[in-house]
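Quick notes on the structure that follows.
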């Protein structure tokens with residue numbers, strides 16, 4: 001029977017509408033889809049049409065669904081449905097939001113101990129359940145381990161995928177065979193007995209593969225890698241087991257011993273069960289919240305929470321707030337300091353890898369002294385009472401008292417401050433990063449073009465090293481995202497993150513606050529051009545009309561602020577942004593520059609923008625007057 005290839009838009013079994021292809025391999029393709037009645041997002045795996053007529057392969061394809069439903073474990077991806085339609089055999093699975101361990105390794109190079117153990121324990125728990133059900137996975141590799149965001153728990157979870165070539169121990173069916181175009185198992189992760197086929201397999205074969213995975217995530221290299229698949233399989237069977245130390249990585253001796261035991265050639269010398277390995281790993285990394293936090297940093301749980309729910313839920317904010325005074329080891333605090341990191345390994349002849357998530361350079365950044373924002377951000381209104389870190393009242397600083405000397409850095413990982421670390425006291429300190437008040441948590445976000453325009457200008461005008469210096473000083477909850485994530489991929493981000501970036505850039509690089517107005521102007525011809533270009537279709541001399549059209553576009557860049565345009569008795573046009581608290585002075589100046597350049601280009605002439613309200617300090621409003 002000839003089957004049609006799956007393509008986006010097609011309907012499967014009158015229930016599932018296909019969207020884009022999200023993965024695939026030697027056996028088939030995986031598409032994201034939606035249940036047309038329930039509205040639930042799912043993932044559908046199809047067997048390749050040219051393989052679908054092979055009864056043995058079709059049987060093995062559906063064996064995955066049977067194996068998963070036989071095990072039923074929370075760390076194994078759930079299978080919802082299966083069948084054969086005009087697109088061929090298919091399996092419907094839960095759709096996961098996150099990324100594979102393989103993708104995480106491609107971005108980070110290697111993981112710290114907490115993250116590595118945080119991945120291994122759920123995988124081993126899933127394998128333990130599978131082995132007790134009489135099923136061996138046989139194809140463990142980073143691509144078959146998925147780190148997903150669980151919105152019900154607002155945390156990262158691990159899912160084991162692809163039981164497509166699993167071996168059912170009580171099955172009388174034939175063993176897997178190699179077929180042209182289809183590879184059963186991956187040489188790097190094969191156990192010696194799996195590579196030679198000389199002895200029956202049991203659960204300890206999977207444990208060898210776990211040892212390979214642990215070695216790889218801790219060092220960034222595979223223990224038996226060779227130029228060809230055959231040479232790799234030969235090394236798996238015959239080569240001496242390398243140590244983590246030989247790859248330049250120093251870990252807890254207990255973890256080194258666990259990896260060495262997992263990689264023993266003789267199955268009898270490995271751990272008896274996956275559960276035994278879990279218990280040993282829990283002794284090495286005994287704090288589940290820290291392991292969960294380490295996983296969350298890999299997939300940026302905080303941003304996924306904001307993007308999926310419009311901000312951190314109220315109960316989560318309350319919990320995070322109350323946890324600040326408790327021990328870091330007993331609560332899931334998103335802002336908690338990260339576990340100790342080991343330095344990146346140095347392997348002779350190896351390509352250097354990126355530092356693990358959460359790591360900081362060992363050498364502190366070299367800030368450039370400049371105008372400090374904490375002094376520059378003084379309101380024209382009566383001065384508020386300021387408190388020291390000990391809660392003591394500080395004297396009010398008037399505008400005439402503004403100093404050009406840098407102030408001591410406030411290091412508070414709890415409230416968005418800089419991460420604690422040693423610093424050369426002979427160097428000037430960085431301006432403290434201002435945390436947003438608790439009442440604003442999760443409510444204020446900026447769209448990607450704003451952040452990208454700022455980031456691109458820093459790189460283009462001051463160089464990548466300057467940008468990296470700024471990022472190295474970011475609050476810990478944002479630094480990993482800025483270092484490892486592509487800014488171009490961001491569609492939105494917390495205002496607090498942008499605020500921290502802009503304040504640090506002012507202190508370390510720009511030195512002149514007015515430069516933010518120039519950067520806002522540059523954004524109109526750069527990142528924002530596609531958004532505002534409709535205003536440039538024809539010259540507009542009616543400033544009020546131009547401003548009204550502009551506000552409909554500018555306001556989309558922020559999830560806060562109420563934009564309105566007013567015309568005074570004398571014909572003066574005023575742009576007023578209410579509820580703009582807690583936008584900082586750099587962002588306010590950026591907005592003014594953006595408005596000014598947009599109006600100049602749209603009118604085809606000279607435009608003057610004068611700030612009339614909110615030029616300094618954290619007033620809740622920003623207003624400016626626009627004139628030709």
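Residue numbers (the UniProt record's numbering): 1 to 628. The beta carbon of each residue, even a glycine, is placed where N, CA and C say it ideally should be. These figures come from a predicted structure and were not determined experimentally.
Here residue 537 carries a coil assignment [DSSP, helix/strand/coil].
Taking a 10 Å sphere around the C-beta of residue 139, we find 16 or more other C-beta atoms and assign the residue as buried. In the three-state reduction of the DSSP assignment, residue 13 falls in the coil class, being assigned neither a helical nor a strand state. Put simply, the stretch 129 to 148 touches the stretch 195 to 209. At least three CB pairs are less than 8 angstroms apart. Judged by their CB atoms, residue 95 and residue 52 are not nearer to each other than the 8 angstroms cut-off.
Following the DSSP letters along the chain, one finds residue 245 in no beta strand (DSSP E), marked with neither H nor E. Excluding sequence positions up to five before and after residue 549, its CB lies within less than 7 angstroms of the CB of 535, all in the same chain and listed in chain order. By the 16-neighbour rule on beta-carbons within 10 angstroms, residue 162 is buried.
Check the Cα spacing between residue 583 and each of 240, 516, 496, 551: the tightest is with 496. By the Cβ rule, the stretch 262 to 281 does not count as touching the stretch 108 to 115, because fewer than three pairs are nearer than 8 angstroms. Comparing alpha carbon positions, the residue from 31, 562, 27 closest to residue 18 is 31.
In this structure, the CA atom of residue 457 is about 18 angstroms from the CA atom of residue 474. Note that the C-beta distance between residue 46 and residue 87 is below 8 angstroms.
Per DSSP, residue 256 is not a residue of any beta strand (DSSP E); the alpha helix (DSSP H) it occupies stretches across 253 to 262. Closest in C-alpha terms to residue 570, from the list 15, 190, 544, comes 544. Residue 147: not part of any alpha helix (DSSP H); member of the beta strand (DSSP E) spanning 145 to 150, first to last residue. Take residue 259, set aside five residues on each side of it, and the residues of its chain with a beta-carbon closer than 7 angstroms to its own are 211, 214, 215, 244, in chain order. For the pair residue 197 and residue 190, the Cα-to-Cα distance works out to about 11 angstroms. Taken atom to atom, the span from the alpha-carbon of residue 526 to that of residue 217 is near 39 angstroms.
Put simply, of 524, 234, 70, 105 the residue whose alpha carbon is nearest the alpha carbon of residue 135 is 70. Inclusion of residue 82 and residue 76 in the CB contact set at 8 angstroms is not warranted, their separation being larger than that value.
Distances from the alpha-carbon of residue 13 to those of 222, 44, 561, 236 put 44 closest.
In this model, residue 59 and residue 156 are separated by some 33 angstroms (Cα to Cα). For the stretch 68 to 143, the continuous beta strand (DSSP E) assignments of 3+ residues that do not extend past its boundaries occur at 79 to 85, 88 to 94, 98 to 100, in sequence order. DSSP lists 627 as the beta-bridge partner residues of residue 608. Around the beta carbon of residue 288, a 10 Å sphere encloses fewer than 16 other beta carbons of the protein chains shown; the residue is thus reported as exposed. Shown here, residue 455 sits in a helix according to DSSP, grouped into three states. Residue 562 and residue 482 have their C-alpha atoms roughly 29 angstroms apart.
With 16 or more other Cβ atoms inside 10 Å of its own Cβ, residue 137 counts as buried. Taken through DSSP and simplified to helix, strand or coil, residue 198 comes out as coil. The closest CA to that of residue 35, considering only 115, 449, 499, 16, is found on 16.
In this structure, the alpha-carbon of residue 8 lies about 28 angstroms from that of residue 448. The alpha-carbon of residue 239 is positioned some 10 angstroms away from that of residue 232. According to the DSSP secondary-structure assignment, residue 158 is paired through a beta bridge with 147. Under a 10 Å Cβ-count criterion, residue 73 is classified as buried, with 16 or more other Cβ atoms of the shown protein chains found around its own Cβ.
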